[in-house]
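Shown next, in structure tokens, is the structure this report addresses.
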Amino acid sequence: DAGVIQSPRHEVTEMGQEVTLRCKPISGHNSLFWYRQTMMRGLELLIYFNNNVPIDDSGMPEDRFSAKMPNASFSTLKIQPSEPRDSAVYFCASSFGRGGYEQYFGPGTRLTVT
Amino acid sequence: SQQGEEDPQALSIQEGENATMNCSYKTSINNLQWYRQNSGRGLVHLILIRSNEREKHSGRLRVTLDTSKKSSSLLITASRAADTASYFCATVSPGYSTLTFGKGTMLLVSP
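Protein chains in written order, with our numbering: chain A, 1 to 114; chain B, 1001 to 1111.
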């Protein structure tokens, strides 16, 4: 099993540009989570999907952030326009069932916005 | 907001020693989980303990849970340099399907 796959692993972009992060969950998992990790705020849940449907997006910082899950094997997190304060490591994780149990994390995307 | 708070923030020990990390939380839980994160990597699930359990073992790991004190501890016995990582506790509250993570304990095991 390849585990959770994220791309790109590193992204450097200029303020104002659009950024798209991608995630492929583990096959058979039906819950998917996007997190953001910074030194100041730690690990924050941005959005949670179950069976491709967004269940909890209360952690999405503002309208500049959007996430989609068009099918069970693919999700995107988009930031438009990006700002320097969006610099962080973004993780995707997946799990069986409705969540609340063991989560499998991807390697993360390190985003730097200059 | 953070549900779990780990203590200490950082811990430095020698190989072969035991490492104990603590986690306190504020509200009732369904389960509590511990994860490890090596530098530059994603988190890896270590162990899950349910609210009706008091202790759980997995290899060199021992987790305890005291719901009356709203606290948990992770003990790593006979530590190795490869155990160097950050360790996070995460809680799941009743009626919720998501984890709330603490800020973690950085463990350094020196050879």
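Every residue gets a Cβ at the ideal spot worked out from N, C-alpha and C, and that includes glycine. Bear in mind the structure is a predicted one, so any value in this text is a computation, not a measurement.
Count the C-beta pairs between the segment 24–39 of chain A and the segment 96–104 of chain A that are closer than 8 Å, then say yes if the count reaches three, no if not. yes
Got a sec: which bits of the segment 81–98 of chain A sit with their beta carbon under 7 Å from any beta carbon on chain B, in order along the chain? Within the segment 81–98 of chain A, the qualifying residues are Phe91, Arg98.
Beta strand (DSSP E) containing Asp1066 (chain B): first to last residue? DSSP places Asp1066 (chain B) inside the beta strand (DSSP E), whose first and last residues are 1061–1066.
Ignoring anything shorter than 3 residues or poking outside the segment 1015–1042 of chain B, list the beta strand (DSSP E) runs there in chain order. 1019–1024, 1031–1037
Which residues of chain B have a Cβ atom closer than 9 Å to the Cβ of Phe65 (chain A), listed in chain order? Result: empty, since nearest Cβ-Cβ is about 17 Å, beyond 9 Å.
Quick one: is Asp56 (chain A) near chain B, going by C-beta distance under 9 Å? Proximity of Asp56 (chain A) to chain B, defined by a Cβ-Cβ separation below 9 Å, is satisfied.
Does Ala1078 (chain B) come out as helix, strand or coil in the three-state DSSP assignment? coil
Is the beta carbon of Ser1086 (chain B) closer than 9 Å to that of Ala1014 (chain B)? Note on residue identity: the sequence assigns Gln, not Ala, to residue 1014 (chain B). No, they are not a contact pair.
Note down, in chain order, all residues in the segment 1040–1064 of chain B with a beta-carbon under 9 Å from any beta-carbon belonging to chain A. Gly1040, Arg1041, Gly1042, Leu1043, Val1044, His1045, Leu1048
Where the beta strand (DSSP E) containing Met1106 (chain B) begins and where it ends: Where Met1106 (chain B) is concerned, the enclosing beta strand (DSSP E) stretches over 1105–1110.
Is it the case that the segment 1038–1050 of chain B contacts the segment 1015–1027 of chain B, given that we only count it when at least three CB pairs across the two stretches are under 8 Å? no
Could you spell out the range, first to last residue, of the beta strand (DSSP E) harbouring Arg36 (chain A)? 31–38
Chain A contacts made by the segment 1095–1109 of chain B, where a contact means CB separation under 9 Å: Tyr1096, Ser1097, Thr1098, Leu1099, Thr1100, Phe1101, Gly1102, Lys1103, Gly1104
Alpha carbon to alpha carbon, how far is Arg22 (chain A) from Ile5 (chain A)? Give it in angstroms, no decimals. 8 Å
Taking the C-alpha atoms as reference points, what is the distance between Arg1080 (chain B) and Ser1051 (chain B)? Spanning the alpha carbons of Arg1080 (chain B) and Ser1051 (chain B) requires a straight line of approximately 30 Å.
Whether or not the segment 1087–1106 of chain B and the segment 39–57 of chain A are in contact is what I'm after, with contact meaning three or more pairs of Cβ atoms, one per stretch, closer than 8 Å; do they touch? Enough Cβ pairs lie closer than 8 Å, so yes.
Going by DSSP, what residues sit across from Arg22 (chain A) in a beta bridge? A:Ser7, A:Thr76
Proximal residues of chain A, C-beta to C-beta of Asn1030 (chain B) below 8 Å: Within 8 Å Cβ-Cβ: Gly100.
Which same chain residues end up closer than 8 Å to Leu43 (chain A) when comparing Cβ atoms and leaving out the 5 residues on each side of it in sequence? Hits under 8 Å: Tyr35, Arg36, Gln37, Phe91.
Contacts that Leu32 (chain A) makes with chain B (C-beta to C-beta distance below 7 Å): Near Leu32 (chain A) there are no residues of chain B at all, since even the closest Cβ is about 11 Å away, more than 7 Å.
Within 10 angstroms of its Cβ, does Lys24 (chain A) collect 16 or more other Cβ (buried), or is it exposed? buried
From A:Ile47, A:Met40, A:Gly3, A:Tyr48, pick the residue whose C-alpha is nearest to that of Ile26 (chain A); which is it? Closest in alpha carbon position to Ile26 (chain A), among A:Ile47, A:Met40, A:Gly3, A:Tyr48, is A:Gly3.
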